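Scroll down for the structure; my scribbles are underneath it.
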Amino acid sequence: MGRSRGGLTSKVHQLVEGHGLPLATIVSPGQSHDAPALIPLVEQIHVPRIRGG
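Numbered per this note's numbering, the sequence shown spans residues 3 to 55.
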């Protein structure tokens, strides 16, 4: 949790599927940029793939 002039702050980042169900969640300091949260979010999910044809 970070501290700002208004008090404690933090950001919750979620990666959701097409119906809005969360696949991954992380919390970052409120003063940080949103872009660095993308890679840790994507690394948390695993999408099974069907091989063959």
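C-beta: ideal position from N, C-alpha, C; glycine also. This one's a predicted model, so the numbers in the text were calculated from it and none came from an experiment.
{"Query": "Just verifying my parser: in three-state terms, what is the DSSP assignment at V29?", "Result": "strand"}
{"Query": "Using only alpha-carbon positions, find the residue among D36, I47, V44 and R51 that is nearest to S12.", "Result": "D36"}
{"Query": "My output table needs one value for L17: the three-state DSSP class, helix, strand or coil.", "Result": "strand"}
{"Query": "Considering only C-alpha positions, which residue in the set H48, L23, E19 and L40 is nearest to S30?", "Result": "L40"}
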